[in-house]
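The numbering of the sequence shown is the UniProt record's numbering, which starts it at 1 and goes up by one.
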Amino acid sequence: MPSYKAPLRDLRFVMHEVLGAADALKQMPYYADNDTADSDLMDQVMEEAARFAENELVPLNAVGDQEGCVRDADGNVKTPTGFKAAYTKFRQAGWTGLDADPKWGGQGMPHVVNIATSEMNISANTAWSMYPGLSHGAYSALVAHGSDELQAIYLPKIVSGEWTGTMCLTEPHAGTDLGIIRTKATDNGDGSYAISGTKIFISAGEHDFTDNIVHLVLARLEGSPEGTKGISLFLVPKFLVNADGSLGARNGVVCGSLEHKMGIHGNATALLNFDGAAGYLVGQINKGMNNMFTMMNAARLGTGMQGLGLGEVAYQNAVAYAKDRLQMRHEPRTMPSEKADPIISYPDVRRMLLTGRAYSEAGRALALWLALSLDTEHHHPDEAKRNEAADLVALLTPVAKAFMTDNGFNIAVQSQQVFGGHGYIREWGMEQFVRDARIGMIYEGTNSIQALDLLGRKVLMDGGKKLQRLAAQVEALVSEVADDDELQGYADQLGKAAGQLATLTMVVGQKAMQNPDEANAAAVDYLRYVGHVTYAFLWVKMAKVALDAVKAGQDKDGFYKAKLQTARFYFDKLFPETKMLSATIKAGGESLDVDLGMFGVEKDLATA
1 MPSYKAPLRD LRFVMHEVLG AADALKQMPY YADNDTADSD LMDQVMEEAA
51 RFAENELVPL NAVGDQEGCV RDADGNVKTP TGFKAAYTKF RQAGWTGLDA
101 DPKWGGQGMP HVVNIATSEM NISANTAWSM YPGLSHGAYS ALVAHGSDEL
151 QAIYLPKIVS GEWTGTMCLT EPHAGTDLGI IRTKATDNGD GSYAISGTKI
201 FISAGEHDFT DNIVHLVLAR LEGSPEGTKG ISLFLVPKFL VNADGSLGAR
251 NGVVCGSLEH KMGIHGNATA LLNFDGAAGY LVGQINKGMN NMFTMMNAAR
301 LGTGMQGLGL GEVAYQNAVA YAKDRLQMRH EPRTMPSEKA DPIISYPDVR
351 RMLLTGRAYS EAGRALALWL ALSLDTEHHH PDEAKRNEAA DLVALLTPVA
401 KAFMTDNGFN IAVQSQQVFG GHGYIREWGM EQFVRDARIG MIYEGTNSIQ
451 ALDLLGRKVL MDGGKKLQRL AAQVEALVSE VADDDELQGY ADQLGKAAGQ
501 LATLTMVVGQ KAMQNPDEAN AAAVDYLRYV GHVTYAFLWV KMAKVALDAV
551 KAGQDKDGFY KAKLQTARFY FDKLFPETKM LSATIKAGGE SLDVDLGMFG
601 VEKDLATA
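Okay, here's the thing in structure tokens:
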């Protein structure tokens, strides 16, 4: 069975030494007044989270994959053995409300701490981690847009973990195009609405963890405009809630089936049928898409975390195997007393391992940086600081979702490769990591959609203002380390790539003004380019801290030396991908403008 150890040392390094999270959080009265902006407290919470993930969740991961979820004839779903018991322990320990507002029964911890614990849960058991993860998104949407009445009824139960939440967006015919959804809402005249329709791919849509499930559902009121401008958001509970807060009658929503999936078998991915179910408006009529984006953005960062978490655990197991597996004779001999040497002796195996390490450590830095930026956006007393953080989060959320899941899948595949034939066998667990990681590139908006969002909405739509704010931080860091002989080479690469990014943005923008398909053709490569620039920026920051520690004689365990070696690998072997991406972005979309007849498309469409 695969093993997992939470990367606490690296989490503390990024959180405290690179980001200075405690000092930043103390500038926010919300955390300073709650006494949660304390580095020792944050470390204690992460250590407890690590124990839970390692001891409670890891042993259930293979069980969940093998058993899956089972639906009975009435639409009730039983989760894999041990899943419900682990959730009960999780809830009773207060983890479901870790970063929730104390007003609703939460602990008020910083979001940056919650993201760190989330990574551990995902690495330990991705399918299980999705149940509380979806609830966190529902909490965020209700806090931002729910009425006082809805908040008072539902938030304490969601925060305590007594009830869980979901997000119900797409439908069988709609996919990503939510503007054509058919689920309808009819005003009952008593403050409630009758919701009817079918939603698919609903993660944690039905299960046995809790007595009630709170669905947030996109639907269209009769008479509303077509497209996304006519969509509203409704809260639809599995069981209605009585005036005294107790559960009443079963609502008109039932699980019609469970999807048979490639991975994440332990999570119930449900088709939900709504048949005149009582729902309650969240926010304003016809503003459902805007309101749901609060939840979707949280889910997109959460999906990026799945790429990080699965990449990390796959990497850890590949390292362990590479140290133990003896194959062939390496010269000079690593273990001359044995008939063969460990495969970690070979450069190409180390290449695969270092790829996993470099992408995981940079992804962790990005996730924690974005989480701290979310804390700043929501709680900093300075409006200018809040706006700056909000722009960074908006710009880099699609990057985090797409770049981290692309890299996570790549790490899982390369880690499986380290195992050779054993990686293809179930008992080693690597093939599960590959299967579980694959979905991250698809759901919560495919990575192509994330790329279009980044280039079209976050960059071109505002004239590149958000991108310029990131560029200013990059430029400041490059200047800061310009005189350091050991970091100058990395800074030069970063500075040149950032300058090229500005040029590429202008080139694509000008082409897109003449032909919108040019942005579409360039978007995926453009996002990956931005991802690399962001990772390089974070690697320079991490390398600077590590180098200072080495020079000060503080590297007692070799941690900082390893960080510098990984940085060198990233800039030598991974970052040069930007040169290839630059060429493909400049090439434009002409080679994609082909006669669709070559794919067997009928003539009228092929020549349109």
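For glycine and all other residues, C-beta sits at the position ideal for the given N, C-alpha and C. Here the structure is a predicted model, which means the values were calculated and not measured.
- Asn251, DSSP secondary structure in three states: coil
- What's the C-alpha gap between Ala402 and Gly304? 7 Å
- Leu581 - DSSP class collapsed to helix/strand/coil: helix
- Query: Between the C-alpha atoms of Pro172 and Ile449, what's the straight-line distance to the nearest angstrom?
  - Reply: 18 Å
- Short CB-CB distance (under 8 Å) between Ala270 and chain D: The displayed structure is made up of one protein chain only, and chain D is not part of it.
- Endpoints, the alpha helix (DSSP H) within which Pro7 is located: Segment: none, Pro7 is in no alpha helix (DSSP H) and carries neither H nor E.
- Closest residue to Met289 among Ser232, Met328, Val236 (Cα-Cα distance): Ser232
- Along the beta strand (DSSP E) that carries Thr81, what are the first and last residues, could you check? Unbroken run through Thr81: none, as it is neither H nor E.
- Query: On the premise that Leu455 lies in contact with Leu395, defined as a C-beta separation below 8 Å, what is that separation, rounded to the nearest angstrom?
  - Reply: Their Cβ separation, rounded to whole angstroms, is 11 Å, which puts Leu395 and Leu455 out of contact at 8 Å.
- Query: Beta-carbon separation of Pro381 and Pro102 under 8 Å?
  - Reply: no
- Message: Here's the rule I'm using: 16 or more other beta-carbon atoms within 10 Å means buried, otherwise exposed. How should Glu590 be labelled?
- Response: exposed
- Query: Does the beta-carbon of Ser373 have 16 or more other beta-carbons within 10 angstroms, so that it is buried, or is it exposed?
  - Reply: buried
- Message: Please classify Phe599 as buried or exposed, where buried requires at least 16 neighbouring CB atoms within 10 angstroms.
- Response: exposed
- Query: Exposed or buried, what is Lys26 when buried is set at 16 or more other beta-carbons lying within 10 Å of its beta-carbon?
  - Reply: exposed
- Can you say whether His260 is buried or exposed, counting buried as having 16 or more other CB atoms within 10 angstroms of its CB? exposed
- What residue from Gln554, His215, Gly248, Gly94 has the CA that sits closest to Gly108's CA? Gly94
- Burial state of Asn317, where buried means 16 or more other Cβ atoms lie within 10 Å: buried
- Boundaries (first-last residue) of the alpha helix (DSSP H) holding Gly133: 126-145
- Item | Among Ala543, Gln554, Ser582, nearest to Gln565 - alpha-carbon criterion | Ala543
- Per-residue burial, Tyr424 [other beta carbons within 10 Å of its own, 16 or more giving buried]: exposed
- Query: In or out: Thr269 buried (at least 16 other Cβ within 10 Å) or exposed?
  - Reply: buried
- Item | Top-ranked residue by Cα proximity to Arg435, from Thr170, Gly408, Leu477 | Gly408
- According to the neighbour-count rule (16 or more other Cβ atoms, all chains shown, within 10 Å of its Cβ), is His110 buried or exposed? One point to set straight first is that residue 110 is Pro, not His, in the sequence displayed. Per the 10 Å Cβ criterion, buried.
- Query: Phe599 by DSSP, collapsed to three states: which one?
  - Reply: helix
- Go ahead and label Gln488 buried or exposed: buried means 16 or more other beta carbons lie within 10 angstroms of its beta carbon, across all protein chains shown. exposed
- Please go through the stretch 188-260 and give each complete beta strand (DSSP E) segment of 3 or more residues, from N-terminal end onward. 193-203, 212-221, 231-237, 239-241, 247-250, 253-258
- Supposed contact pair Val58 and Ala124 - C-beta distance, whole angstroms, cut 8 Å: 5 Å
- Task: Could you have a look at Phe575 and say whether DSSP puts it in helix, strand or coil?
- Result: coil
- Could you work out which residue in Gly223, Thr334, Thr405 is closest to Gly309 when comparing CA atoms only? Thr405
- Item | Backbone CA spacing between Cys255 and Leu216 [nearest angstrom] | 15 Å
- Query: Taking the runs of the alpha helix (DSSP H) that are 4 residues or longer, which of them lie wholly in the stretch 425-473?
  - Reply: 430-438, 447-452
- Message: Going by DSSP, what residue range makes up the beta strand (DSSP E) through Asp275?
- Response: 269-282
- Could you give the residue range of the beta strand (DSSP E) that holds Met167? 163-168
- Query: Heavy atom of the ligand MG less than 7 Å from the Cβ of Asp244, yes or no?
  - Reply: The model on display carries no ligand, and the ligand MG is accordingly not part of it.
- Nonlocal neighbours in the same chain, by C-beta distance under 7 Å from Gly464, ignoring five residues either side: Thr505
- Message: At the level of alpha carbons, what is the spacing between Val143 and Asn297?
- Response: 14 Å
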